[in-house]
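Protein chains in written order, with the working numbering: chain A, -11 to 283; chain B, 113 to 868; chain C, 160 to 316. Structure first, then comments.
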Amino acid sequence: MSVEHVNYLQPKTLQELQKGLKSLTEKSALLAGGTDLMVSIREKKPQIDTYLSLCNINEMKSITEIDGWIRIGAMVTHTEAALNNKIKTFFSALSMACDHVGSPQIRNKGTIGGNIMNANPAGDVLPCIMLFNGEFEIFNSEGSLRRISVNEFLSESGKTTLNKNELLMAIWLPIKPDKKSCFVKLGSRTEVTIAQISFCLSWKRINDEYLDIEAYIGAIDNKPLKIDEINEILGNRPFETESLDALSTFLSNKIRDIRINRKRESKLKIYEHEKLYKERAVKGVVYDAISFMKY
Amino acid sequence: MRKEKDYQYIGKELSNDMSYGKVTGNVKYCGDMQSIGMLHMKLKPSTIAHGYIKNIDISEAESVEGVKAVYTYLNTPDTEFDRGRVANYENVPYQEKLFNRHIRFMGERVAGVVAVSEEIADYACQKIKVEYEELPTAITVEDALKVDAVKIHKEGNICVVPEINYGDYDGCVAENYHKSKTHMGRITHLTMETHASRALFEKSTGKLIIWSPCQTAFGIRSTIADFFNMPYSKVRVIKAVMGGSFGCKQETILEPLTAYAAIHLKADVKLVFTREEQIINTMLKHNADITVESKIHKDGIIEGLSVSAVLDSGAYQTITPSYTSTMGGKLGKVYRLSNLHYDGKSVCTNTPINGSFRSWGSCEIALALENHLNLVAEEMKIDPIELRLKNVKNEYEMDIIKKVPIGNAHFKKCLIQGRDAFEWEKRKKECEEKNKSVRYRYGIGMAVSSHTSSFYPYMVDMANAAIHLQEDGSLIVNVGIHDHGCGTVLAMKKIAAEVMEMDIELIELGEVDTEVSLYDYGCYASRTVYCLGNAVKHCCEKLLVKARTVASIALQCNDRHLIYEDGVFYKENNPKLRIDLKGVSKYCITVMGEDVYETYSYNASEGPGVPAAHFTEVEVDTFTGMVRVVDCLSVHDIGKAINPEICRGQVGSGIQQGIGIALCEDIKIHPKTGKTLIDNLKNYEVTNAFDMPDYKTIFIEEEEENGPFGAKSIGEVVVVPVAPAIVAAVNHALGTKLTEAPLTPSVILEALYEEN
Amino acid sequence: MKLNFILNGENMNIDVPGERRLLDFIREDLHLTGTKEGCSVGECGACTVILNNKAIHSCMTVVGQLEGGELITIEGLEKNGELDAIQKSFIKKSAIQCGFCTSGMVMTAKALLFSNPHPTDEEIKKAISGNLCRCSGYKEIKESIKDAAYNSNKEES
């Protein structure tokens, strides 16, 4: 008996990619940057029959502006996304999120697509994509491309709906030049930290009025949640203590409800005060996020 | 001897020993060692916290291509050993075996595979099938202390250490009585280099050679040789370059395994632990609950102190009874006490083993005692620094427990200089101002503590040096040193170079190789610079005496008429008559028929204290519970900083670990399952370069007269006062009386919610 | 898998399983043990190498991902017996204690100076936020990087 043989495929063209996708089984792994996959392989030690490495597919590595949209290839790294001028200008929440994923080394290798496909509830990228009403470009083993909305991409449980022979090629974000955005993450330390709560916000500012405020909160449930009520709660006075506290209380209650209804116990939280932490600490996230609207 | 103003090396900035090799990646740590035919070992961990192995099937693992052996309790000796034992006369618990049938914590090794590669060994480990018969567990100390708790060892779960009593605590009287209880969690030492060991059975000689990054090569040799019934002279232990220790590499953990495989297979076997294995299968810093009671006069003078400590030893007692006992001994080092009581227990639980941590108990005692005194200061409305000034020892006063003077130790100077440099009063006022804001609260805190510079009088502290002048005038120094990476080899070289007045580049000083080094108990208790440094210094002086004698014969004059300067002896009234060290060697060998070398055994008859104070300011975000250290200052009475820059680096490391103990490092064990929940660095959010605060250091250098060039120690004490200072600062900021560590954000918010 | 890449300035043509972990390939196949394994999950930075001018974790990279690229390990910094500016500064500023984090730190610093020759203190802090050192408070390391940046720029001007 010896260590089982593994296939390693690293296609260069879409044709080769298609062929590779066709050959994948339930035991196969898509290799984007590798920063999540390598950890998972080490922890779970799954039997992998084929690796399909995406690092040579040029169509997945570019950031381009097309017809009022930005197309971000799934293999764009966090560093590339964080530094890209178009993303910084039109989608600063995404740029901010990418600038704080893991450490610099992780950001240099980890990809937007990989982060999304990993579908970790504490993932920093997905809430931003949802905030911007992004769409997902999917490639399959028949060679066809389709674009789907977030709702079609994500299941109720927060996992992706793609099957083993499909692949996320790119993310499309519609440009809305008059909308600004920001991203805030609460972790256990400032840099290189997993989100306890993530929060992304977009707004339109006309003179001193703040309109069309949208927000998503992440890492509190199995997928990011839209805060529909935000405009109503913040009203016309988003920076006043009353508004901020009202929003904090609203979100705190939401987090508490999720906690109470949760069926699965959190693996790492053993003390009661740890379980209550998010609903207590969300106030800090709210204050920090809303303060960005001043700029 | 050179005067201080002429020192070329002592107190001067020089890069660490082996810097070139380390910065180019050329230095080989144990895990880097490679050889043709080397075999690799991997261990299989248990999946239960307590029970027996009912059945273990290794047949599939054995059939994997490339596997050379699979070991379990069924095919290895039943002999017990103790990881904490250094010398064969020591009285230790002897509870460990190579492989046990009785499994006592989740993650304990149940089998080992040796194969041609790590990958194959790991793969084969997965093919081993184990069935367990589970037993009830005692995961927490509380569980283990219950009357009907399951017995983890046949001798029971509890080891009570001898009490310490001085004066009469129960009978003494003072106006105020205070009580506090401090809880401290577990942390991992997080040395960047995980544990590793290599053992080679030398077929040509029948010798066993072991490489290990360790603090006691002689200790490892004693344990291994006795275990395998081999003469000590046939077991050679070589200290490998160490990537940090902080105490976790001072015990004999991996070596018995690699030694066994090497002897059994007559091979070269290496075992390198993963980060998970280092966390779960070596040792963690103890979690402890320490109660402090005090009787204090209304003017703040301490009349009596009573301390009661309960330490969790993890699944095996190993060094914990000794550690618990030693903790009590620390109580005599800092404060003047007329009445003192100490009692301690070491309790076994079904959790990973706890073991040696930097300062061996000083940290734990300081956290409890300084927490207590800071709370007392607050209650009695006395400034915490004033409270300390009233009670700390003066120089040369007696350590009432060890019954030796503390030496030229300046507690008051540390406190006063620190208070002034940190602008304590000014910051207090500024905090009051800043605390008018809603979200952020600011507080300051301080703590003072000490440690030791030798084993004396706990045990005889002997260090031996042998110094050999080479024929070209260069020097080889043999001293039983184990450098943790903290610059002690450099310190020894500097001492030798300064005494010999020669170029430091001409001095070779290797670390311990039991085959050639003189005996050394081990590099702990911060004894290296003080004791080994003294041995080197005195030995060099002795060598110079010999060289002077040879020079006087060679130059045909009275040795009193010779001046020695920068490696040359010359006649004081005729400098042209001279001989250098190369000439001395030649003359001695060719004319006198002798080699030029000396040996020296240094015996410490002091254990000079090293007062250390830490001052810190914190900012607490009352919305998120995050605590940020804004600024801090460490003051150290070091005697003499031989390597000032490296010492400053050490201060930084102490602050990093102190912040970890106080705020953010916590190896959580599930209280029901015994699973180590934090088994790698994800979710163990140690303070990194971004969050590390700015810090300042003050070294008080009032030479300790018996220290080499006045030096004492610093390597362990750097961490001791940091955590209690931070806890005090948080309490100051929030008006709370928290006494647990770590004060994670969720703990802070819990405290704030309770207040409201 | 047949691979073509540049290692420390030299062309490499090898045949190795594409899924082999880069860290193992460097240490075991190439016998370049300067790159260290500290945690294996991309949290400590000890395994940092430079790929296409960017600092990455070799513990989270597979050999296949080297294709057509340029890899630099710690062994590749010293050229013709002359240490890199960063290496010199680390020695000069006493930034080396146990040394285990050193090669990762130096490589991260090198990558930083590739893209940002004049980093501010904040940028230096952020750049090494993924490299852990337990023997210090990072002060000497930050000063070394600053010193190296200063000296490199001085040389160039």
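Beta carbons are placed, not taken as given, at the ideal position from N, Cα and C, and that holds for glycine. Predicted model only: the values in this text are computed from it and were never measured.
Q. Checking contacts by CB at 7 Å: is VAL208 (chain C) closer than that to chain B?
A. Position 49 of the third sequence holds residue 208 (chain C). No, VAL208 (chain C) does not count as interfacial toward chain B.
Q | Rounded separation between SER629 (chain B) and ASN590 (chain B) - CA only | A | Position 517 of the second sequence, counted from the first residue, corresponds to residue 629 (chain B). Position 478 of the second sequence, counted from the first residue, corresponds to residue 590 (chain B). About 6 Å.
Q.
Just list the residues that DSSP pairs LYS515 (chain B) with in beta bridges.
A. Within the second sequence, the letter at position 403 stands for residue 515 (chain B). Answer is none; LYS515 (chain B) lacks a bridge partner.
Q: Pull up the distance between the alpha-carbon of ASN393 (chain B) and that of ILE465 (chain B), whole angstroms please.
A: As a working mapping, residue 393 (chain B) is identified with position 281 in the second sequence. As a working mapping, residue 465 (chain B) is identified with position 353 in the second sequence. Taking the straight line from one Cα to the other gives about 7 Å.
Q) Comparing alpha-carbon positions, which option in C:LEU210, C:ASP306, C:SER274, C:PRO278 lies nearest LYS252 (chain C)? A) Translated into positions along the third sequence, residue 252 (chain C) becomes position 93. Checked all of C:LEU210, C:ASP306, C:SER274, C:PRO278; the closest Cα to LYS252 (chain C) is C:ASP306.
Q.
Can you check whether the C-beta of LEU861 (chain B) is within less than 7 Å of a C-beta belonging to chain A?
A. For the purposes of this step, residue 861 (chain B) is taken as the residue at position 749 of the second sequence. Closer than 7 Å: yes.
Q) When you check each C-beta in the segment 179 to 208 of chain C against every C-beta of chain A, which residues fall closer than 7 Å? A) SER199, VAL200, GLY201, GLY204, THR207
Q) Is there at least one Cβ from chain A nearer than 7 Å to ASN800 (chain B)'s Cβ? A) For the purposes of this step, residue 800 (chain B) is taken as the residue at position 688 of the second sequence. True, the Cβ-Cβ gap to chain A drops below 7 Å.
Q | Listed by chain order, chain E residues near GLU179 (chain A) by CB distance under 9 Å | A | As a matter of chain content, chain E is missing from the structure shown, whose protein chains are A, B and C.
Q: Report buried or exposed for VAL488 (chain B), applying the criterion of at least 16 other Cβ atoms within 10 angstroms of its Cβ.
A: Position 376 of the second sequence, counted from the first residue, corresponds to residue 488 (chain B). Buried.
Q | Exposed unless 16 or more other CB atoms sit within 10 angstroms - verdict on GLU710 (chain B) | A | Here the question's residue 710 (chain B) lines up with position 598 in the second sequence. It counts as buried.
Q) Looking at C-alpha atoms only, which residue of B:SER437, B:ILE607, B:GLU267, B:GLY555 is the closest neighbour of ILE122 (chain B)? A) Counting from one through the second sequence, the residue named residue 122 (chain B) turns up at place 10. Comparing Cα positions, the closest option is B:ILE607.
Q) Near CYS643 (chain B), what residues of its chain come up, given a Cβ to Cβ distance below 7 Å and the 5 sequence neighbours on each side ignored? A) The count along the second sequence starts at 1 and reaches residue 643 (chain B) at position 531. Cβ neighbours of CYS643 (chain B) beyond the five flanking positions: SER566, ASP573, ALA575, TYR714, ALA716.
(Q) Only counting the same chain, and skipping five residues up and downstream in sequence, which positions put a Cβ closer than 7 Å to that of VAL221 (chain C)? (A) Here the question's residue 221 (chain C) lines up with position 62 in the third sequence. Taken in chain order, the residues that qualify are GLY177, GLU178, ARG179, ARG180, LEU181.
Q: List the residues of chain B whose Cβ lies closer than 9 Å to the Cβ of ARG225 (chain A), in chain order.
A: Here residue 225 (chain A) refers to the residue found at position 237 of the first sequence. Listed along chain B is no residue with a C-beta nearer than 9 Å to that of ARG225 (chain A); the closest approach is about 17 Å.
Q. Any Cβ of chain A within less than 7 Å of the Cβ of THR294 (chain B)?
A. The residue you call residue 294 (chain B) lines up with position 182 of the second sequence. No, THR294 (chain B) lies away from the interface with chain A (no Cβ there is under 7 Å from its Cβ).
Q) Would you say ILE58 (chain A) reaches chain B, if we count a Cβ-Cβ gap shorter than 7 Å as a contact? A) Start at 1 with the first residue of the first sequence, and residue 58 (chain A) comes out as number 70. It does not: the Cβ of ILE58 (chain A) has no partner Cβ on chain B nearer than 7 Å.
Q.
Short of 9 Å Cβ to Cβ, which residues in the segment 106 to 123 of chain A face chain C?
A. none
Q. Going along chain B in order, which residues have a C-beta closer than 9 Å to the C-beta of HIS176 (chain A)?
A. As a first step, residue 176 (chain A) must be located in the first sequence, where it is residue number 188. Residue identity check: residue 176 (chain A) is Ser in the sequence provided, not His. The contacting residues are MET738, CYS776, ASN795, GLU797, THR856, PRO857.
Q: Go through the segment 554 to 605 of chain B residue by residue and report every complete run of the alpha helix (DSSP H) that reaches 4 residues or more, in order.
A: Given a length threshold of 4 residues, the segment 554 to 605 of chain B has no whole run of the alpha helix (DSSP H) inside it.
Q) I think HIS152 (chain B) touches SER229 (chain B), with their Cβ atoms under 8 Å apart; what is that distance to the nearest whole Å? A) Looking up residue 152 (chain B) in the second sequence gives position 40. Looking up residue 229 (chain B) in the second sequence gives position 117. Rounded, the Cβ-Cβ distance is 6 Å, consistent with contact.
Q: Report yes or no: is there a C-beta of chain B within less than 7 Å of the C-beta of ILE258 (chain A)?
A: Position 270 of the first sequence, counted from the start, is the residue given in the question as residue 258 (chain A). Judged by the 7 Å Cβ criterion, ILE258 (chain A) is in contact with chain B.
Q: Could you name each continuous beta strand (DSSP E) segment of 3 residues or more that falls completely within the segment 215 to 244 of chain C, going from the start of the chain to the end?
A: 229 to 231
(Q) DSSP three-state label for MET510 (chain B), please. (A) Numbered from its first residue, the second sequence carries residue 510 (chain B) at position 398. Reduced to three states, the DSSP call for MET510 (chain B) is strand.
**Q.** Nearest to ILE290 (chain A) (by Cα), restricted to the options A:ASN44, A:PRO109, A:GLY8, A:ALA17
**A.** Residue 290 (chain A) cannot be examined here, being either before or after the span of chain A that is shown, -11 to 283.
(Q) Please give me, in chain order, every unbroken run of the beta strand (DSSP E) with length at least 3 that falls completely inside the segment 168 to 230 of chain B. (A) 179 to 183, 221 to 227
Q. Are the CB atoms of ALA85 (chain A) and VAL113 (chain A) nearer to each other than 7 Å?
A. Counted from its first residue, the first sequence places residue 85 (chain A) at position 97. Counted from its first residue, the first sequence places residue 113 (chain A) at position 125. The beta carbons of ALA85 (chain A) and VAL113 (chain A) sit closer together than 7 Å.
(Q) Please tell me whether, using a cut-off of 6 Å, the distance from the CB of ALA81 (chain A) to the nearest non-hydrogen atom of the ligand FAD is below it. (A) Judged by which ligands are present, the structure shown has none, so any question about the ligand FAD falls away.
Q: Measuring only between beta-carbons, confirm whether GLN246 (chain C) sits less than 7 Å from chain A.
A: As a working mapping, residue 246 (chain C) is identified with position 87 in the third sequence. Not an interface residue.
**Q.** Ranges of the alpha helix (DSSP H) found wholly within the segment 228 to 278 of chain A, counting only runs of at least 4
**A.** 229 to 249, 260 to 263
Q.
Between which residues of its own chain and ILE29 (chain A) is the CB-CB distance below 8 Å, once the five residues before and five after are set aside?
A. On the first sequence, position 41 is the one that residue 29 (chain A) refers to. Cβ neighbours of ILE29 (chain A) beyond the five flanking positions: ALA17, ILE36.
**Q.** Cross-chain neighbours of TYR275 (chain A) in chain B, by beta carbon under 8 Å
**A.** Position 287 of the first sequence, counted from the start, is the residue given in the question as residue 275 (chain A). What TYR275 (chain A) touches in chain B: ARG551, PHE735.
Q. Which of the three DSSP states, helix, strand or coil, is assigned to LYS502 (chain B)?
A. In the second sequence, counting from the first residue as 1, residue 502 (chain B) sits at position 390. Note: LYS502 (chain B) maps to helix in three-state DSSP.
Q.
Using a Cβ-Cβ distance cut-off of 7 Å, determine whether VAL172 (chain A) contacts chain B.
A. To locate residue 172 (chain A), count along the first sequence from 1; it is residue 184. Closer than 7 Å: no.
Q | Cβ-Cβ separation, ALA725 (chain B) to VAL560 (chain B) (assumed contact under 8 Å), whole Å | A | For this step, residue 560 (chain B) is matched to residue 448 along the second sequence. For this step, residue 725 (chain B) is matched to residue 613 along the second sequence. Between ALA725 (chain B) and VAL560 (chain B) the Cβ distance is about 4 Å, and since that is below 8 Å, they are a contact.
Q) Grouping DSSP H, G and I as helix and E and B as strand, with all else coil, what is SER274 (chain C)? A) In the third sequence, counting from the first residue as 1, residue 274 (chain C) sits at position 115. Helix.
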